[in-house]
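Only one structure is covered here, and it is reproduced in the block below.
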Ligand code: PBG
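Rendered as C-alpha cells:
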C-alpha cells in the first residue's frame, strides 16, 4: 500500500549527504576540555578504576597539553595527587606557590602558551580528611572559613598562570569572594567557571582514586553538594553564581543530569559546560570491555548529547580520543 504522506521524516534521512546537511548539532574538538591528573612521582601512573587514564609527572602533563593543542582541544583541566605527607587538616598545601598544581600550570603556560589551563579550586586534594573544605569538631564542613582559604587558593593559581578558576567545592558565596579577590589582585581577565550545580553523586569514585582522596574521605559530601532529587535548587545555585561573577557555569555529573543542563540553558542563556565525570567514563569503558558497546560510537554519541542539550563544551576523559575520531 502507499500512504501518500505529505510529511515523511525519513526522506531527509535516506542518504549520508542529506543526513549531514540536516544535522542540527555539531561536535568539534573545540568543544572539549581534557582533565589531567598530576603526580609528584617521576613516571606515568595508570589508574586502575579509570582504564586508559594515568597520572603524569609535570613533564608528561606538558606533553599531554601539546597533544591536546595539536588536536584542537582548547583547554586542559588540572587535578593534583598531593603526596600523603603534605595533606593536613587545613589543606594548607593548596596555598603553596610551588605545589604540584602551580608547577604544572607554569610548565604548561611556558611550553604551550596557546592552550587554556583550568584549575580546580577545592581543598579535597590537600586535606587529610578528604573534604573540600575545613571541618569543625563534629566533621561539619565550615562555609565561610573555607571560602577564605579558597580565595587564597584561587589567587595562588592565578599567579601561577591559570586562565580559568573552577571552584568545585560548593561553598556558599565563594564565587563573589573569589571574583572580588581576582579584581583586586589585578587578574581581571582570569575567568571563573563555577561548578554551580554539582551533585553529591556516586559517579565520582574513580576520580577520588585518581587524586588519592578515596581512602581518606570521612563520611560523604551531602552537606555541601546537591541532592540528586533537586532541579529548582540547581537554578538557584546558577543564579547566585552568575550574580556573583561567574563567567560560565558547569553541571556535574553529565549524562544523568541532561535535564538540568537544558533547564539552566533555557533559564539563563549563558555558557554552560558539563562534566562527564569519572564514573561515566568508567561505565563506558566497562561496557566496551564487556563487549556491550562500541567505544568510538558511545563516546561520540554521549558527547554530542551534551551539545544538543545546550552545552558550550564538555569536560571528558575521552577528550583526546574523541578529538582524534573527529579529525577522522
Ligand atoms: C572535588 C572534585 C570531584 C570531582 C571534581 N572535583 C570529586 C568530588 O567532589 O568528590 C569529580 C570529577 C570526576 O569524578 O571525574 N572537588
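In the working numbering, the protein residues as written are 1 to 328.
Every residue, glycine too, gets a C-beta built ideally from N, C-alpha and C.
Remember, predicted model here, so these are calculated numbers, not experimental data.
Rounded to whole angstroms, what's the CA-CA distance from residue i to residue j? Just pull it up for me.
i, j, result
"residue 155", "residue 110", "19 Å"
"residue 235", "residue 42", "43 Å"
"residue 55", "residue 252", "22 Å"
"residue 169", "residue 224", "8 Å"
"residue 249", "residue 6", "43 Å"
"residue 148", "residue 166", "16 Å"
"residue 130", "residue 89", "9 Å"
"residue 106", "residue 161", "6 Å"
"residue 182", "residue 171", "18 Å"
Kindly indicate which three-state DSSP category residue i falls into: helix, strand or coil?
i, result
"residue 195", "strand"
"residue 283", "helix"
"residue 75", "strand"
"residue 266", "helix"
"residue 228", "coil"
"residue 220", "coil"
"residue 54", "strand"
"residue 117", "strand"
"residue 302", "helix"
"residue 275", "strand"
Quick check on the DSSP output: the alpha helix (DSSP H) that includes residue i runs from which residue to which?
i, result
"residue 250", "No alpha helix (DSSP H) holds residue 250; the beta strand (DSSP E) holding it covers 248–252."
"residue 206", "205–210"
"residue 153", "144–160"
"residue 176", "174–184"
"residue 108", "100–111"
What is the residue span of the beta strand (DSSP E) that residue i lies within?
i, result
"residue 313", "313–316"
"residue 236", "Per DSSP, residue 236 belongs to no beta strand (DSSP E); it is in the alpha helix (DSSP H), 232–244."
"residue 163", "Run containing residue 163: none; DSSP gives neither H nor E here."
"residue 5", "Taken as a continuous stretch (DSSP letters only), residue 5 belongs to no beta strand (DSSP E), as it is neither H nor E."
For the pair the stretch 293–302 and the stretch 8–26, tell me if three or more CB-CB distances fall below 8 Å. Result no; under three Cβ-Cβ pairs closer than 8 Å.
For the stretch 151–165 and the stretch 216–233, state whether three or more C-beta atom pairs, one from each stretch, are separated by less than 8 Å. no
Three or more C-beta pairs below 8 Å linking the stretch 96–103 and the stretch 134–141: Not touching, per the Cβ criterion.
For the pair the stretch 17–24 and the stretch 311–320, tell me if three or more CB-CB distances fall below 8 Å. no
Would the stretch 189–202 count as touching the stretch 280–289 if we require 3 or more Cβ pairs under 8 Å? no
Three or more C-beta pairs closer than 8 Å, one from the stretch 260–267 and one from the stretch 210–224: is that the case here? no
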